[in-house]
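K.L.:
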Ligand code: GLA
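In the working numbering, the protein residues as written are 823 to 1602.
1) If contacts are defined as beta-carbon pairs under 8 Å, then residue 1445 and residue 1102 qualify, I think. What distance do you get, rounded to the angstrom?
2) Is it the case that the CB of residue 1301 approaches a heavy atom of ligand 1 more closely than 7 Å?
3) How should residue 994 be labelled, buried or exposed, when 16 other C-beta atoms within 10 angstroms of its C-beta is the threshold for buried?
4) Are the Cβ atoms of residue 850 and residue 1002 separated by less than 8 Å?
5) Flag this pair as yes or no: are the beta carbons of residue 1562 and residue 1504 separated by less than 8 Å?
6) Going by DSSP, which residues form a beta bridge with residue 1364?
7) Assuming residue 1507 and residue 1477 are in contact, meaning their beta carbons sit under 8 Å apart, how far apart are those beta carbons, in whole angstroms?
8) Determine which residues share a DSSP beta bridge with residue 1469 and list them.
9) Put residue 1098 into one of helix, strand or coil per three-state DSSP.
10) Within the continuous beta strand (DSSP E) that includes residue 852, where are the two ends?
11) In angstroms with no decimal places, state the Cα-to-Cα distance between residue 955 and residue 854.
12) Measure how close the beta-carbons of residue 946 and residue 963 come, nearest whole angstrom, since I'm counting them as under 8 Å.
13) Can we count residue 1349 as close to ligand 3, meaning its CB is less than 7 Å from some heavy atom?
14) So, helix, strand or coil for residue 1525, using DSSP?
15) By DSSP, does residue 867 sit in helix, in strand, or in coil?
16) When the Cα atoms are used, what is the spatial distance from residue 1526 to residue 1490?
17) Are residue 1598 and residue 1480 touching if we call contact CB-CB under 8 Å?
18) Could you give the uninterrupted runs of the alpha helix (DSSP H) lying entirely in the segment 1029-1082, keeping only those of 4 residues or more?
19) Are the beta-carbon atoms of residue 1539 and residue 1520 separated by less than 8 Å?
20) Would you say the beta carbon of residue 1369 is closer than 7 Å to some non-hydrogen atom of ligand 1?
21) Excluding the five sequence neighbours on either side, which residues of its own chain have a C-beta within less than 6 Å of the C-beta of residue 1083, listed in chain order?
22) In the DSSP assignment, find the unbroken alpha helix (DSSP H) run with residue 1229 in it and report its ends.
23) Helix, strand or coil: how does DSSP classify residue 1282 here?
24) Would you kindly report the start and end of the unbroken beta strand (DSSP E) that includes residue 1423?
25) For the beta strand (DSSP E) containing residue 1239, list its first residue and its last residue.
26) Please work out which residues of its chain come closer than 8 Å, Cβ to Cβ, to residue 1174, disregarding the five sequence neighbours upstream and downstream, and give them in chain order.
27) Need the endpoints of the alpha helix (DSSP H) that residue 1436 sits in, please.
28) Report whether the distance from the Cβ of residue 1204 to the nearest heavy atom of ligand 1 is below 7 Å.
29) So residue 1420 and residue 1392 are supposed to be a Cβ contact under 8 Å. How far apart are they, rounded?
30) For residue 1595, I'd like the list of residues in its chain whose CB is within less than 6 Å of its CB, leaving aside the five on either flank, ordered along the chain.
31) Going along the chain, which unbroken runs of the beta strand (DSSP E) with 3 or more residues stay wholly within the segment 1103-1185?
32) Using only CA atoms, which one of 1011, 1042, 1020 lies nearest to residue 1029?
33) Kindly examine ligand 1 and report whether one of its heavy atoms sits closer than 7 Å to the Cβ of residue 1298.
34) With a threshold of 7 Å (Cβ to nearest heavy atom), would residue 1306 be considered close to ligand 1?
35) For the segment 1241-1254 and the segment 1210-1224, state whether three or more C-beta atom pairs, one from each stretch, are separated by less than 8 Å.
36) Buried or exposed for residue 1571, please, with buried defined as at least 16 other CB atoms from any protein chain shown within 10 angstroms of its CB.
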C-alpha cells in the first residue's frame, strides 16, 4: 500500500512501514523502516532529525540552508559533491570533468508495477500491484532519476530500483549506479553475508558494524559462490525467533556489491547494486539506464520470519512459468555415474534400472556433443556425437521415453572451447583481447553476449537442440568466471559497459528460450552454485545448489541458502560414496534425508549399488513422491540448535504434514538427550510422527557382539562377517501421537542414543554425520 502526503510518503506491507520524505532543500530523506506504525496527524515530525546547527567542520549545503550538512543526514538518494562524504548511491561524471551532482525532488506518483526493458523484474499474477515513482532532477546537468518503490503487501517485501535518464546534449558517464540505499541509525547491527567457493557455497559470516565499510562483493563476472548477493543486517542478539533482521537481495546475475558503512555519527548506510569496479555506462540525450531491482524485507522477530518473507516472495514474485507451483520430477543424472565415458548402451542400461526404481527423468550431462571426450574441447559444437549416440539425441530421447521417463539434457550455451569449430569460424565472438594472451578457466572462454549476433545464433542453435532432443528438462551450466574483460565489438569508450551488456544479452537469450519452450523445466548451474541468484530464478525455477553432494557438507550449504531462498529452488542429489568431492562416507539414508530438503535426484548408476541399497532407493522414491506434494513450497524452519546438531523442519502450507530432520556431525560419548522442537504446526490438529525402522549391522558393534552371543565371535572374523548377513540389531521406528499444541509448545523426547551400556530396539544408534528423518501427518 502506498500513501502520498504533502512532503512524505508511506509504503506499507502487512507488518512493516517504510517512510521517507522531502526536506527543505528538496532532498529525499529516510525517516523509518521497521515494524508497522500508524502515524497520527503531524506525528511525522517525530521521525525527523531535530538538528539545529551544522555539524562541526562539515560542509553546509548552502548558505541559506546553513544547518544542512548532508554528511549527517539519513538520505534515500546520495551523490557526490554536496557535503555527503559517505559511499554514494550514484556517481556521475559530466562533460566538463566534474562529478558534483544535486538531485532534488520533482514529483511522486503511483502507477502499476512495470516490467523493466533490459533486466528481469518481479511480478504479480494475481493483483495489480502499484509502485511509487519518485522523480528527482539535477537541473544544472539535465539528468533525471526515477526512484521506483514496489511494496508487496502479503510478503512484507519492498523492491527498489532506479532509472537514470539523460536530457542533456552532453555525454554523461555513469560510474556507479546502485539500486538500493538504506541509511539508518546503527542499532548495534551485525552484517551477515554468505561466501565460499566451488563445492563450499553459502557459508555464513557475521561481522559487527563498528566503523568504516564492510562488504560482500563479486567482480568475477557472475553473482558467484564467493559472495552471494543475499545479505542481512541483524541486531546483535537476533536468533531464529527474536530480534530485528533486515534482509536484501538483488535481481541480477553479474558483478554486485553490498556495502555497509558505519560512520562516526553512528549511522549506517547500506547499498546494494551493480559493482562499480568493472562498470561504466555512457548516456546520451534520451538514454535511460535501468539499475537491477533490489529486494528488502524486515522482521521484528528474528531470522525465521525474515526467511519466510523472502521464500514467499521468491516463490510467487520471482520464479515464474509452468513449473512455479509444480513439484519437480525425481531425476537420475549421468555426470558422476559416467562422466565423459558413456555410449548409448550404457546410458540405456542406467535408465532402465532408474525407471524401474520409479525415477521420472533421465538427464544426460556433459559429453554428448562434438568431440567432447574430456573438458578441453568442443564447447560451441552443439551437434550430436554419433560415436556415442548413433541415433543422436533424438534416438536416445525416444528410447528413454519408451522406458516411461522424460529426457533431460545438459548444455553450456555461454561457453566456447578454443578447440572447437565455432571458435575457428568466429574468433571475434569471444570475450578476449586479441592483442594479449587469454586466460582460460576449465580450458574454456566466454562468448560475448553483448553482441546481438551471438545471442541470435545461440537462440537458433539451442532451439534446435531442445526440439530435436524432445527434452523436458535442461541443465544450463556456466563453468568459468570472467577474466580479460574485452569485447571485440565495443569501442574503447564503451569497453567498461561489457559486463553489464553481457547480462542484458544473457537475459534476452533466457527470455526467448524459456518462452519458446514453456514446458521445459530449466535448472541453472554454474559449477554448482556459482550463479545462484534472483536474476537466474526469474527464468529458471531451480538451481543446482552445489557440485558438493556430501551430506555433511550439504547441511551447511543448504542451511546457508535457506536464509534467502526457498527449498523449491534447490537442486539436491544423492550421490555415491565415498563422496566424489570429499571422499566422506555417509549412509544412503542420510544422503537422502538431506536431499529430501530440496528437489531430489540421484547421481549414481543404480546398476552399481547393492540389492539392499537399491531397495532403499525405491523406498526413498516412493516416500518423496508422496511428501513432495505436501511440502513443495512449505514453510521451512531452521530450529536453533547446539553446535554439531542441525534441526530442519518443513511444514506444508495447510499444516497437515511436516518433515523434521535431525542431523548430528559427531557421535559424542554420552550423547545429549534428544528432543524434537517442532514449529509451525496447527494447535488445533492432532498428529502422528513416524520414523524408519533401522536394521544395524552387527559388524558395527565390533567385539561387543559377544555380550549377546552364546559362542565367542572374533571381531571382524569370517564368522562375524557371515553372521552379519543374517543377524541385524534392530532399532524400531518411532510412532508418536501428539496434539499440535503440545508439539508447538513443548520439546518432544525421542529414543535416546546408544551410550555404551546397552542396546535394544528403543535405542537410537547414530554415527558421525548421521541423521534421522521424522515425517509428520495430521490424524484425519
Ligand atoms: C559442472 C557442473 C556439474 C557437471 C559438469 C559437467 O561442473 O556443476 O554438475 O554438469 O559441469 O562438465
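Cβ atoms here follow ideal geometry from the backbone N, Cα and C, with glycine treated the same way.
P.N.:
Considering the structure as presented:
1) Not a contact, Cβ separation roughly 54 Å.
2) yes
3) buried
4) no
5) yes
6) 1345
7) 6 Å
8) 1461, 1484
9) helix
10) 850-857
11) 18 Å
12) The pair is not a contact, with the Cβ atoms about 36 Å apart (cut-off 8 Å).
13) What this structure holds is ligand 1, not ligand 3.
14) helix
15) helix
16) 18 Å
17) yes
18) none
19) no
20) yes
21) 908, 909, 1035, 1091
22) Element bounds for residue 1229: not the alpha helix (DSSP H) but the beta strand (DSSP E), 1228-1233.
23) helix
24) 1421-1424
25) 1237-1239
26) 1225
27) 1433-1453
28) no
29) 4 Å
30) 1415, 1483
31) 1103-1105, 1110-1112, 1116-1121, 1153-1155
32) 1011
33) no
34) no
35) no
36) exposed
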